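Working notes, structure below.
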């Protein structure tokens with residue numbers, strides 16, 4: 053979804069994050085905060101796609117679900133910044 057939305061005119065910040073470790077949760081928090089700031093500043097469309105484990109529905113332990121997100125889900129949907137043109141907008 054992120055790659056498709058990055059092509060849309062007006063999209064300025066698109067990132068995908070994974071909630072697969074405490075460090076990644078902190079990264080997700082920062083990405084969400086930035087996305088809200090982009091929207092509040094009127095720079096354009098911002099979105100954060102979140103890869104989140106669901107151990108209950110997956111019938112796994114929490115650790116197994118985190119590992120599955122890292123080892124399987126992140127292969128198909130790699131976390132990272134997909135598009136960020138906010139620096140260009142800030143300079144204007």
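Numbering (this note's numbering), first residue to last: 53 to 144. Glycine residues also receive a C-beta, built at the ideal position from the N, C-alpha and C atoms. Bear in mind the structure is a predicted one, so any value in this text is a computation, not a measurement.
* Which same chain residues, not among the five before or five after residue 58, have their C-beta less than 7 Å away from its C-beta? -> One-based indexing of the chain shown puts residue 58 at position 6. Answer for residue 58: 66, 134 and 135, listed in chain order.
* Might you give, ordered along the chain, the residues of its own chain that have their beta carbon closer than 7 Å to the beta carbon of residue 63, omitting 5 neighbours on each side? => The residue given as residue 63 occupies position 11 in the chain shown. For residue 63, where only same-chain residues beyond five positions count, the Cβ hits under 7 Å are 57, 96, 97 and 135.
* **Simplified DSSP state of residue 93, which is helix, strand or coil** => Within the chain shown, numbered from 1, the residue matching residue 93 stands at position 41. Three-state result, residue 93: coil.
* Pick out whichever of 108, 70 and 75 has its Cα sitting closest to the Cα of residue 132. => For the purposes of this step, residue 132 is identified with residue 80 of the chain shown, where counting begins at 1. Answer by Cα proximity: 70.
* **Residues near residue 138 in its chain [Cβ-Cβ closer than 7 Å; skip 5 each side]** => Within the chain shown, numbered from 1, the residue matching residue 138 stands at position 86. Result list for residue 138: 64, 65, 90 and 95, in chain order.
* What are the start and end residues of the alpha helix (DSSP H) that includes residue 55? -> On the chain shown, residue 55 is found 3 positions in, with the first residue counted as 1. It spans 54-58 - the alpha helix (DSSP H) in which residue 55 sits, taken as one unbroken run.
* Unbroken stretches of the alpha helix (DSSP H), 4 residues or longer, contained in the stretch 96-122 -> Those alpha helix (DSSP H) runs which fall completely within the stretch 96-122 and span 4+ residues are 107-110 and 114-120.
* Asked: What are the residues that DSSP puts in a beta bridge with residue 70?
  -> Within the chain shown, the letter at position 18 stands for residue 70. When beta bridges are read from the DSSP output, residue 70 appears opposite 103.
* **Identity of the residue in 109, 103 and 108 nearest residue 127 by Cα** => One-based indexing of the chain shown puts residue 127 at position 75. For residue 127, the closest of 109, 103 and 108 by C-alpha to C-alpha distance is 103.
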